[in-house]
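Novice: Which chain is which? The protein sequence lines are A and B, in order.
Following UniProt numbering, the numbering of the first sequence begins with 1 at its first residue and continues without gaps.
Following UniProt numbering, the numbering of the second sequence begins with 1 at its first residue and continues without gaps.
Glycine included, each C-beta is placed from N, C-alpha and C at the ideal position.
Since the model is a prediction, treat every value here as computed from it, not as a measurement.
Number of protein chains: 2
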Amino acid sequence: MENLRKHIEEITPISDDEFEYVRTFFTKKRVRKHQFLIQAGDRVACEYWIANGVFRAFYVDDGGREHILQFALENSWLSDYHAFFYQTGANMNVVCMEEAEVFCLTLLAREKLASDLHKMEHFFRMKVTSGYTAQQHRIISLLSRNPRERYEEFGSLFPDIVKRIPKKYIAEYLGISRETLSRIHPAHRRRSLN
Amino acid sequence: MENLRKHIEEITPISDDEFEYVRTFFTKKRVRKHQFLIQAGDRVACEYWIANGVFRAFYVDDGGREHILQFALENSWLSDYHAFFYQTGANMNVVCMEEAEVFCLTLLAREKLASDLHKMEHFFRMKVTSGYTAQQHRIISLLSRNPRERYEEFGSLFPDIVKRIPKKYIAEYLGISRETLSRIHPAHRRRSLN
DNA sequence: GGCGCGGTGTGATTTTTGTCACAAATTAAT
DNA sequence: ATTAATTTGTGACAAAAATCACACCGCGCC
């Protein structure tokens with residue numbers, strides 16, 4: 001839980017008392033590999049802060065294909081946010097890929113936290129703002145880059161994810177087939193780079 | 001300016017005094033068709049609230065192709081948000097497509113407004129949150145739907161935009177060529193739908 | 001320590017979409 | 001109103017990526 005405090009303090013300083021108050025809103029949960037945190041159709045009670053472990057959030061289309069919206073590692077937040085904020089049934093699935101420990105925050109808890117502590121409202125605004133700009137970047141990438149370029153960009157943005165996650169899932173994230181990804185070979189090192 | 005108040009009050013009620021205070025942070029600007037509000041490379045001083053008029057925000061890739069990130073009509077917010085929040089040079093261009101009147105808000109003004117008035121922090125959080133979920137939806141659409149499906153979805157989500165904006169720009173938004181879009185013909189009305 | 005399953009690489013082929021070229025239609029500008 | 005500019009449609013063709021099929025690898029699990 002200390003890490004959650006550090007995580008919050010990357011955005012805003014927070015006193016011991018305040019943090020003691022904040023922590024009361026969270027509940028801890030252990031999750032094993034292959035376990036679903038959210039299944040399509042579920043009511044989405046919580047958003048999750050990942051203390052450790054790995055998850056993927058994916059959408060299953062009408063043809064049964066999976067499309068990954070997000071990988072989540074330690075220190076990141078995760079939910080089906082549309083379903084969470086609007087309290088509708090989930091369209092996403094969230095599955096554990098490496099044994100994990102997460103902290104759960106209900107919508108009510110989150111909104112009370114934000115309205116009680118201006119600091120926390122600010123914190124959540126900053127978090128969603130950076131998520132927003134990151135998603136804009138991803139949209140631009142999907143619109144303007146070919147599979148090789150997207151894969152290379154992904155590798156340089158998220159080297160830790162590339163190491164920990166099977167390539168087939170990265171293909172699902174990039175919107176290309178696993179075969180196409182498999183045929184992307186590292187660019188030849190040019191002589192001039194000796 | 002009355003509309004801005006209505007717009008804010010869709011999220012949170014606000015007193016006369018508060019709104020008087022809020023309005024002092026904005027400056028008004030008229031923009032003519034074809035005029036750039038933001039050009040790639042610029043420092044992005046403001047975000048803009050559109051009182052009336054139409055804009056598009058687009059990215060130009062290395063091959064000179066344009067990719068549209070956002071259309072903005074009346075009552076919406078617009079900027080190159082990455083460049084705005086992180087105060088880096090713009091990667092986007094924002095161009096006026098129909099004569100417009102906008103209200104400008106600098107980053108300093110925005111952050112002061114948010115820290116002075118918890119209400120406004122809440123307002124901005126809610127706005128960016130709904131933008132975030134809308135963008136997630138768009139990413140899923142880019143990953144999982146073919147051009148026809150994306151175009152039909154776009155038409156049902158944004159009928160007003162389809163009416164007001166040339167199709168070539170919609171193609172640039174959907175990530176397909178204008179020719180492909182032009183070859184998408186309305187689905188045949190099935191007999192059973194008489 | 002063998003067995004099974006999930007993951008990966010690769011060839012052959014098909015499908016989808018982009019590109020190029022040009023004409024027609026629509027809209028804007030003087 | 002006429003002229004210019006922008007937008008749209010469509011055919012022929014090329015390019016990119018998906019799909020299908022199959023072999024093989026590697027690791028976890030009894």
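Looking at the structure shown, is Arg189 of chain B part of a helix, part of a strand, or coil, going by DSSP?
Specialist: Bear in mind that a pLDDT of 48 at Arg189 of chain B, under 50, signals an unreliable position, so the model cannot answer this.
Novice: Taking the alpha-carbon positions, what's the Ala40 of chain B to Ala57 of chain B distance?
Specialist: 10 Å
Novice: Three or more beta-carbon pairs under 8 Å between the stretch 117 to 136 of chain A and the stretch 7 to 18 of chain A, yes or no?
Specialist: yes
Novice: Taking 6 Å as the line, does the beta carbon of Arg65 of chain B fall inside it for any heavy atom of the ligand ADP?
Specialist: The ligand ADP is not part of this structure, which contains no ligands at all.
Novice: Taking buried to mean at least 16 other C-beta atoms within 10 Å of its own C-beta, is Asp80 of chain A buried or exposed?
Specialist: Asp80 of chain A counts as buried, since no fewer than 16 other beta carbons sit within 10 angstroms of its beta carbon.
Novice: I want to see whether chain B comes within less than 7 Å of Ile38 of chain A, judged by CB atoms only; does it?
Specialist: No, Ile38 of chain A lies away from the interface with chain B (no Cβ there is under 7 Å from its Cβ).
Novice: Straight-line CA distance for Thr180 of chain A to Glu18 of chain B?
Specialist: 56 Å
Novice: If you reduce the DSSP assignment to three classes, tell me which class Asn3 of chain A lands in.
Specialist: helix
Novice: Can you give the Cα-Cα distance for Met97 of chain A and Phe55 of chain A, rounded to whole angstroms?
Specialist: 5 Å
Novice: Could one say the Cβ of Ile8 of chain B lies closer than 7 Å to chain A's Cβ atoms, at least one of them?
Specialist: no
Novice: Anything in chain B within Cβ reach of Val22 of chain A, meaning under 9 Å, just list it in chain order.
Specialist: Here the premise fails: no neighbours, minimum Cβ distance about 17 Å.
Novice: From the DSSP output, which residues share a beta bridge with Lys29 of chain A?
Specialist: Under DSSP, Lys29 of chain A shares a beta bridge with A:Val102.
Novice: What are the partner residues of Tyr58 of chain A, as DSSP defines its beta bridges?
Specialist: One detail in the question is off: residue 58 of chain A reads as Phe in this sequence, not Tyr. Within the DSSP bridge table, the entry for Phe58 of chain A names A:Ile68 and A:Asn93 as partners.
Novice: Exposed or buried, which one is Thr24 of chain B when buried takes at least 16 other CB atoms within 10 Å?
Specialist: exposed
Novice: Residues of the stretch 140 to 173 of chain B with a CB closer than 9 Å to any CB of chain A: list them in chain order, please.
Specialist: Ile140, Leu142, Leu143, Ser144, Arg145, Glu172 and Tyr173
Novice: At a CB distance below 7 Å, what residues from the stretch 66 to 84 of chain A approach chain B? Give them in sequence order.
Specialist: His67, Leu69, Tyr81 and His82
Novice: Give me the residue from B:Arg32, B:Glu47, B:Glu74 and B:Asn146 with the minimum Cα distance to Glu2 of chain B.
Specialist: B:Glu74
Novice: Does the stretch 93 to 113 of chain B come into contact with the stretch 161 to 173 of chain A, if we say contact requires no fewer than three beta-carbon pairs (one atom in each stretch) closer than 8 Å?
Specialist: no
Novice: Could you tell me the boundaries of the alpha helix (DSSP H) in which Leu142 of chain B lies?
Specialist: His118 to Ser144
Novice: Quick one, which of A:Glu152, A:Leu157, A:Arg178 and A:Lys119 has its alpha-carbon nearest Tyr21 of chain A's?
Specialist: Among A:Glu152, A:Leu157, A:Arg178 and A:Lys119, the Cα nearest to that of Tyr21 of chain A is on A:Lys119.
Novice: Going along the chain, which residues of its own chain have a beta-carbon closer than 6 Å to the beta-carbon of Arg189 of chain B, five neighbours each way excluded?
Specialist: Note on Arg189 of chain B: pLDDT 48, under 50, position unreliable in the model; the coordinate value appears next. Closer than 6 Å at Cβ, skipping near neighbours: no residue.
Novice: Along chain A, in chain order, which residues have C-beta atoms closer than 7 Å to that of Tyr48 of chain B?
Specialist: Under the 7 Å cutoff, chain A gives no residues; its nearest Cβ is about 16 Å from Tyr48 of chain B.
Novice: Within the same chain, show all residues whose beta-carbon is closer than 8 Å to that of His122 of chain B, passing over the 5 residues directly before and after it, in chain order.
Specialist: Ile11 and Thr12
Novice: Any beta-carbon of chain A closer than 7 Å to the one on Glu121 of chain B?
Specialist: yes
Novice: Where does Glu47 of chain B sit, in a helix, a strand or coil, going by DSSP?
Specialist: strand
Novice: Are the beta-carbon atoms belonging to Ile50 of chain B and Ser76 of chain B less than 7 Å from one another?
Specialist: yes
Novice: Out of A:Leu105, A:Asp42, A:Ser15 and A:Arg65, which one is the CA nearest neighbour of Phe26 of chain A?
Specialist: Minimum Cα distance to Phe26 of chain A is reached at A:Leu105.
Novice: For Thr88 of chain A, would you say it is in contact with chain B, using Cβ-to-Cβ distances shorter than 7 Å as the test?
Specialist: With 7 Å as the cut-off, Thr88 of chain A does not count as an interface residue toward chain B.
Novice: What's the gap between the Cα of Leu193 of chain A and the Cα of Val44 of chain A?
Specialist: Confidence at Leu193 of chain A is low in this model, with a pLDDT of 35, below 50, so its placement is unreliable and no value can be given for it.
Novice: If contacts are defined as beta-carbon pairs under 8 Å, then Phe71 of chain B and Ile161 of chain B qualify, I think. What distance do you get, rounded to the angstrom?
Specialist: 5 Å
Novice: With a 10 Å radius around its C-beta and 16 neighbouring C-beta atoms as the bar for buried, classify Arg191 of chain A as buried or exposed.
Specialist: Caution is warranted here: a pLDDT of 45 is assigned to Arg191 of chain A, below 50, making its placement in the model unreliable, and no coordinate value can be reported.
Novice: Count the other CB atoms within 10 Å of the CB of Asn93 of chain B; is the residue buried (16 or more) or exposed (fewer)?
Specialist: buried
Novice: Would you identify the three-state DSSP class for Gly175 of chain B, choosing helix, strand or coil?
Specialist: coil
Novice: Can you give the beta carbon distance from Tyr59 of chain B to Ser130 of chain A, rounded, assuming they're within the 8 Å contact cut?
Specialist: Going by Cβ atoms, the distance from Tyr59 of chain B to Ser130 of chain A rounds to 19 Å, so no, they are not a contact pair.
Novice: By how many angstroms is the C-alpha of Leu69 of chain A removed from the C-alpha of Arg32 of chain A?
Specialist: 21 Å
Novice: With the cut-off set at 7 Å, would you say Phe36 of chain A and Val95 of chain A are in Cβ contact?
Specialist: yes
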